[in-house]
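2 protein chains.
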Amino acid sequence: MTVRGAAGPSPRAPYGGSRAASQTLPEWLGRRAYLTPEAVALIFGDERWSFRELDHAVDHTAARLWQEGIQPGDHVALLGQNSVEYILALGALMRLGAVAVPLNTRLSPEEIAWQINDSDAAALVVDDEHLALAGKALESSTSGAGPIAPKVPLIPLEAVASPRPPGEAAPSYPRRSRIELDSLHGIIYTSGTTGRPKGAMLTYGNHWWNAIGSGLNLGGHRDDVWLAAVPLFHVSGLSIVMRSLIHGFAVLLHQRFDPALANRAIDQQGVTLASVVSVMLSRMLQERGGRKYPPHLRAVLVGGGPVPEALLRRALDLGMPVLQTYGMTETASQAATLPPHDALRKLGSAGKPLFPVELKVDAPPGEVGEILVRGPGVSPGYYRRPEESKASRREEWFRTGDLGWLDAEGYLYVVDRRSDLIISGGENVYPAEVERVLESHPAVLEAGVAGKADEQWGQVPIAFVVPKSSPSHELAAELIAYCRSKMARYKAPVEVHFVPALPRNAAGKLARHRLRELLTGDDGRA
Amino acid sequence: MTVRGAAGPSPRAPYGGSRAASQTLPEWLGRRAYLTPEAVALIFGDERWSFRELDHAVDHTAARLWQEGIQPGDHVALLGQNSVEYILALGALMRLGAVAVPLNTRLSPEEIAWQINDSDAAALVVDDEHLALAGKALESSTSGAGPIAPKVPLIPLEAVASPRPPGEAAPSYPRRSRIELDSLHGIIYTSGTTGRPKGAMLTYGNHWWNAIGSGLNLGGHRDDVWLAAVPLFHVSGLSIVMRSLIHGFAVLLHQRFDPALANRAIDQQGVTLASVVSVMLSRMLQERGGRKYPPHLRAVLVGGGPVPEALLRRALDLGMPVLQTYGMTETASQAATLPPHDALRKLGSAGKPLFPVELKVDAPPGEVGEILVRGPGVSPGYYRRPEESKASRREEWFRTGDLGWLDAEGYLYVVDRRSDLIISGGENVYPAEVERVLESHPAVLEAGVAGKADEQWGQVPIAFVVPKSSPSHELAAELIAYCRSKMARYKAPVEVHFVPALPRNAAGKLARHRLRELLTGDDGRA
């Protein structure tokens, strides 16, 4: 398989000396279908798929994608909500040796167009629900202001992926039977510090080692069922599917998160493991109303940003074994997780790094500093972003930009996510990206964006704007609407504050940490 | 670290394309002591060691070995029975970056001297029990007929390894904090087809991938305790220790196998996993007298040669979840293991390959052929044996020499171990090695050795000898005694049959499979 875009660091020539040439393994789904064909691979609604059935359906999906012109090495964008078909498409891309580019369904058409272009996608596979959005994205050049529309074919997901294909063998296609761990599995976009998202490259090895590290921490039970109510287009959801193929447990997939359904799945469908973000946990406990969780629930991983300790304690009180985790797209999900036996003793800590991961804090012992990570789970870099890839490293260590400290026993406490990162309901929002959109509005001279604490979402973005002419409540509302039309809704500011000037440091650089000092009684909330 | 003996294939330049440069991981025991310091690592008699305590004692042992002159890269022979000290020495060699050469304690002094020479060992670490044997080995040149005595220092194990060292930090030594998976962990001698044992090189990666594959098959429970009553100088015992460092379970170590103690450990010490060979299983069931095994016993792996189906059935009847395995030194123990859910349905099968292992049979589907194995668990070759290393490969596949077939679902049935291999009580005996010794006796013209079924040991070696002069019962007894003086007792023939000529094929090569046809009423048993 080839990696497009010679400008980016190749996953075959990664950073540092710790990972060089590649280990080859049998292709994971095929292996699972051989080793444990009748084990439950996937539960969705009332239906169950065994690894044998999943393998068969993936074979048909891969053959259809091949008929649609998808070649080994192609980058293929995926736009869809959680579904069996989405998992079939992921499996088919793996089996074809094509590279998955999962897109956030909450992106604006322009953002989608931009990511398709940036990732050199050869096609866009899209589910029924998002056909209109995809259509707009592919036409977005006609609006004039947007990026050039990508010239890629649109492939309807339901037309290539059928969970119950005919019993006969799939038509022939170049089926990959082995996987080199250094080969590229996918490109996942993360909000960018410079105003544009960056495509984090993840190799099969990144997923493999993450799955192994997670398993060494949590153990593996024969009847494990992992609840995936987080999106499959995020590394949090994607990594559950990867772990399932490696460990052979069942994924219980929810189309979207619903606290009552999540709680019911735990009670009635044997869920032993689950991945959530803080806001999901909060809503599940609220819906629960004090009823205890069953003892078969082994661990609930809470990731995607800081979790209030009171919330963790409330969960533990209900018998839910919550484990705070620390990770990001670039570490293929968890880099550190509180071990189950420390859930109570080390409340508030994100635990210790997974077995293959090394983690250090760039500060004297016990003091706060930048968190650095290295190991085989770390992304080889950003697609076509040699500068940003290089800037994210110090020798072979990945610089997370997050702040934290290690206690005397080596437990990690995350103090602050990447200096200016806003985490809203588990989604990352980089202020620079929102500022860029605000400043594209004709009435805006300059803009600064910061996070504001929010009971429901953890944080929400708010904007500070220096207007070109006199400010008004109407303009504030218009700017919010403008942002919502240009980008995913969760990125748009919920408040716009007009200010005469933005705080800047001596070098003239925006001092975002001082933005909130500008807040006055008049909050310009739309 | 360096690998001595440029004549042999380097573990850094292995066979085939599937394994090239190296992945680096944190040193395993240090990592365990960091991740789960208080978890039980080792149980021996009434005593328990946590990973923290083991780590500390290993540090002191490594410092002492360093003081004794052991350098990173040195090959260090280990001669001892199962003990805490033995495990400390293994850990200390890992931490120093030295290479372990575990010696079978049942070898003759000459065999020990030969393996020390062949492995380029820089020292011999030996326990109290085997000081006399080691002394004889190091003096064996003076007997005239033996090999040149190795000029290596003898280091008493108990003088360097103390399970309860002082509380303070160990003196400084070049402590290795990370491990390259392609670096050499040890050299383990296996009986040779050509009359001399061969040193199978095993890398850290071989052990890592074996441990991961084993875990993906058996799962991992927080309270796992693995009974190790097999010798640590065999890959079967050694690999339990390796898996413990990686998975973090407790090893319950027995000095030597005792069926009553093994049964009691299962009943009273929470053993969930165990490794045995056929003769051990048989003796445990005999001692058991029909009493059921407790449900916490998750799996008993039965390896080291064929297991009678009646024995497996008897074990299952008593509630013991026996799982037949197939593996060898060159595959770092298990290559295939029956999955737990198939224990009953596929009785007699050695199951399917571990997740990272590929296995095929060199024959049409369903027919018997040679078993070939490839994957990251396979040894890179034999130390200083380029020819034999090469002969053991076909492209990147390792030729086991064993015969077997795969059923329609892909389950392996082993029909016959390497054509002429005799497996006696789990120990491998190669006829060529015994024949070489017999033919060194002045009264022997030529000799052929074959296996004979034995109720207790599975098989025992018997010899067919063409004498130079007239045969006698006295000569038979003398030849048996002669063999016992020259080699491990289990290798010496239990019967000597005098024959006028040995069966040979057209090319004059000994036809061992026809030896047993020579048996007459007069059996020459000594």
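Chains as they are written, first to last, in our numbering: chain E, 511 to 1036; chain W, 511 to 1036.
Glycine is no exception: its CB is placed at the ideal position from the N, C-alpha and C atoms.
Enumerated in chain order, which unbroken segments of the beta strand (DSSP E) with a length of 3 residues or greater are wholly contained in the stretch 914–1000 of chain E?
922–926, 932–934, 937–939, 954–964, 968–977
Could you check whether the Cβ of Glu868 of chain W sits closer than 8 Å to any Cβ belonging to chain E?
yes
Nearest-angstrom Cα separation, counted from Trp915 of chain E out to Leu1055 of chain E
Absent from the model: residue 1055 of chain E. The displayed extent of chain E is 511 to 1036, so no value can be given.
Run down chain W in chain order and give the residues with a C-beta less than 7 Å from the C-beta of Phe1040 of chain E.
The requested residue 1040 of chain E does not occur in the structure, where chain E is confined to residues 511 to 1036.
Rounded to a whole number of angstroms, what is the C-alpha to C-alpha distance between Ser950 of chain E and Ile756 of chain E?
46 Å
Among W:Ile972, W:Pro1003, W:Glu988, W:Ala551, nearest to Asp733 of chain W - alpha-carbon criterion:
W:Ala551
Quick one: is the Cβ of Ala567 of chain W within less than 7 Å of any heavy atom of the ligand GTP?
Among the components modelled here there is no ligand, and therefore nothing to report on the ligand GTP.
Interface flag, Ile722 of chain W vs chain E, CB-CB below 8 Å
yes
Quick one: what does DSSP say Ile553 of chain W is sitting in, helix, strand or coil?
strand
Is DSSP giving Leu1025 of chain E helix, strand or coil here?
helix
Using CA coordinates, which residue listed in E:Gly891, E:Asp964, E:Arg895, E:Arg903 is at the minimum distance from Ile881 of chain E?
E:Arg903
Inspect the beta-carbon positions of Asp872 of chain E and Gly879 of chain E and report whether they are closer than 8 Å.
yes
Do you know offhand how far Pro831 of chain W's Cα is from Gly935 of chain W's?
21 Å
CB contact below 8 Å: Arg558 of chain W versus chain E:
no
Taking Glu639 of chain E as the reference, which of E:Gln625, E:Thr910, E:Tyr596 has the closest Cα?
E:Tyr596
Cβ shell of His1023 of chain E (< 7 Å), same chain only, five flanking positions each side left out:
none
Residue-chain proximity (Leu564 of chain E, chain W), Cβ-Cβ < 8 Å
no
Pairwise C-alpha distance: Thr839 of chain E and Pro890 of chain E:
12 Å
Report the residue from W:Val944, W:Phe759, W:Met752, W:Asn592 whose alpha carbon sits nearest the alpha carbon of Trp736 of chain W.
W:Phe759
Could you please give the first and the last residue of the uninterrupted alpha helix (DSSP H) stretch that includes Gly570 of chain W?
Checking the displayed sequence, the identity of residue 570 of chain W turns out to be His instead of Gly. Residues 561–577.
Let me confirm a value: Pro681 of chain E is counted as buried when at least 16 other C-beta atoms fall within 10 Å, else exposed. Which label applies?
exposed
Quick check: Ala632 of chain W and His585 of chain W, are their CB atoms within less than 8 Å of each other?
yes
What three-state label does DSSP hand Leu762 of chain W in the structure shown?
strand
Residues in its own chain within less than 8 Å of Ala846 of chain W by CB, not counting five upstream and five downstream?
Thr835, Tyr836, Gly837, Ala860, Gly861, Lys862, Pro863, Leu864, Val867, Leu869, Leu922
For Glu965 of chain W, count the other beta carbons within 10 Å of its own beta carbon; 16 or more makes it buried, fewer makes it exposed. Which is it?
exposed
Chain-ordered neighbours of Gly837 of chain E on chain W, where CB pairs are closer than 8 Å:
Correct list: empty, because the minimum Cβ distance to chain W is about 16 Å.
Of the listed residues E:Asn938, E:Thr713, E:Leu641, nearest to Gly583 of chain E (C-alpha basis):
E:Thr713
Could you pull the DSSP bridge partners for Gly861 of chain W from this structure?
W:Leu922
Which stretch, first to last residue, makes up the alpha helix (DSSP H) that contains Met790 of chain E?
788–798
Cβ-based contacts, 8 Å cut-off: residues of the stretch 821–848 of chain W near chain E
none
Own chain partners of Leu822 of chain W with C-beta closer than 6 Å, once the 5 adjacent residues on each side are dropped
Val832, Leu857
Within chain W, partners of Leu535 of chain E - CB distance below 7 Å:
Pro866
Using a 10 Å radius around the Cβ and a threshold of 16 neighbouring Cβ atoms, would you call Lys708 of chain E buried or exposed?
buried
Gly799 of chain E classed as buried or exposed, judged by whether at least 16 other C-beta atoms fall within 10 angstroms:
exposed
Close-in-space but distant-in-sequence residues of the same chain around Arg562 of chain E (CB under 6 Å, 5 per side omitted)
Ala543, Pro547
Spatial distance of Leu791 of chain W from Tyr683 of chain E (CA atoms):
48 Å
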